[in-house]
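Quick note: the sequence shown uses full-length UniProt numbering, first residue 1, plus one each step.
Beta carbons are placed, not taken as given, at the ideal position from N, Cα and C, and that holds for glycine.
Predicted model only: the values in this text are computed from it and were never measured.
Report on the following structure.
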Amino acid sequence: MRKIGLTHRLALPGALVVLTAYLAVVNYPTLPEQIPTHFGSSGTPDSWGRKTFSGVFSLPFLQITLYAVLSGLVTVFTRRRDIRNMINLPKRDQLTEGQLEKIRIIIVDGMSLLNLVTCAMLFYIQYGTFQIVRGAWAGLGPFIWLFTVFILATSAWMLYRIFLARK
1 MRKIGLTHRL ALPGALVVLT AYLAVVNYPT LPEQIPTHFG SSGTPDSWGR
51 KTFSGVFSLP FLQITLYAVL SGLVTVFTRR RDIRNMINLP KRDQLTEGQL
101 EKIRIIIVDG MSLLNLVTCA MLFYIQYGTF QIVRGAWAGL GPFIWLFTVF
151 ILATSAWMLY RIFLARK
């Protein structure tokens, strides 16, 4: 079993989580009474609502939850030698040790990347919301779609690599 380092896989997404929460704490007192609560497909706000604690801090709480779940899964897949009972693949009991190791590495790499991208996306949305409120930005822009494409591409890449590894 190859040793997979965890520190670098969890540090950058963790820093984004802290930074997102910091932005919420620092900006909350100075926000106006109306803040964007929903964005259209172009990234411009299409719904505004009252500034509430849950409205401002729901994104950091969601980010913390996703980070905890994905980091926990990455940690478990990093430390676990036999992952047969954790994966849902046809004929998983017939996989060789070499195939299982390849699949384990693919899962750890893919989930680490998904953790980073989702944390970056939620940070960007939080930062963008505050920029819109301050009048610096008109909306989140089409850049937000890159996160969606990257998440879907990473998931497809993982599935394809796992499919190849089990043959």
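Nearest to T77 by alpha carbon, out of G49, D109, W48, A165? Stepping through the sequence shown from its first residue, residue 77 is reached at position 77. A small correction: the amino acid at residue 77 is Phe; Thr does not occupy that position in the sequence shown. Taking the Cα of F77 as reference, the smallest distance to any Cα among G49, D109, W48, A165 is reached at D109.
Tell me the residue span of the beta strand (DSSP E) that contains S47. Numbered from 1 along the sequence shown, position 47 holds the residue referred to as residue 47. Counting along the chain, the beta strand (DSSP E) containing S47 begins and ends at 45-50.
Considering only DSSP beta bridges, list what Q34 is partnered with. If you number the sequence shown from 1, residue 34 lands on position 34. Answer is R50, bridged to Q34.
Can you tell which of G135, T118, A21, C119 has its C-alpha closest to the C-alpha of S54? Translated into the one-based positions of the sequence shown, residue 54 becomes position 54. Answer by Cα proximity: A21.
Can you name the residues that DSSP bridges to F39? Here residue 39 is taken as the residue at index 39 of the sequence shown, counted from 1. The partner list for F39 (beta bridge, DSSP) reads P45.
Is the beta carbon of I103 closer than 7 Å to that of A156? Here residue 156 corresponds to residue number 156 of the sequence shown, with the count starting at 1. Here residue 103 corresponds to residue number 103 of the sequence shown, with the count starting at 1. No, the pair does not count as a contact, with Cβ atoms beyond the cut-off.
Among L152, T52, L116, A153, nearest to H8 - alpha-carbon criterion: For the purposes of this step, residue 8 is identified with residue 8 of the sequence shown, where counting begins at 1. By alpha-carbon distance to H8, the top candidate from L152, T52, L116, A153 is L116.
Rounded straight-line distance, which links the Cα of K167 to that of F39: Locating residue 39 in the sequence shown gives position 39, counting from the first residue. Locating residue 167 in the sequence shown gives position 167, counting from the first residue. Their backbone Cα atoms lie some 43 Å apart in a straight line.
Which of the three DSSP states, helix, strand or coil, is assigned to L92? As a first step, residue 92 is located in the sequence shown; it is residue number 92 there, counting from the start. Residue identity differs from the one stated: residue 92 is Arg in this sequence, not Leu. Here DSSP, grouped into helix, strand and coil, assigns R92 to helix.
Take Y127 and list the residues in its own chain whose beta-carbon comes closer than 7 Å to its own, dropping the five residues that flank it on each side. For the purposes of this step, residue 127 is identified with residue 127 of the sequence shown, where counting begins at 1. Non-local beta-carbon contacts of Y127 in its own chain, meaning distances under 7 Å to residues more than five positions away in sequence, involve L23 in chain order.
Inter-stretch contact (C-beta, 8 Å, three-pair minimum) for the stretch 46-63 and the stretch 9-20: In this structure the stretch 46-63 lies against the stretch 9-20, because at least three pairs of beta carbons, one per stretch, are closer than 8 Å.
In whole angstroms, give me the CA-to-CA distance for L152 and N88. What you label residue 152 is simply residue 152 of the sequence shown in a count that begins at 1. What you label residue 88 is simply residue 88 of the sequence shown in a count that begins at 1. C-alpha separation (whole angstroms): 19 Å.
Please state if the CB of K3 and the CB of L31 are separated by a distance shorter than 7 Å. Here residue 31 corresponds to residue number 31 of the sequence shown, with the count starting at 1. Here residue 3 corresponds to residue number 3 of the sequence shown, with the count starting at 1. No.
Taking the alpha helix (DSSP H) that Y124 falls in, what are its first and last residues? Stepping through the sequence shown from its first residue, residue 124 is reached at position 124. Residues 97-134.
Can you tell me the Cα-Cα spacing of L12 and G49, whole angstroms? Numbered from its first residue, the sequence shown carries residue 12 at position 12. Numbered from its first residue, the sequence shown carries residue 49 at position 49. Cα to Cα, L12 sits roughly 32 Å from G49.
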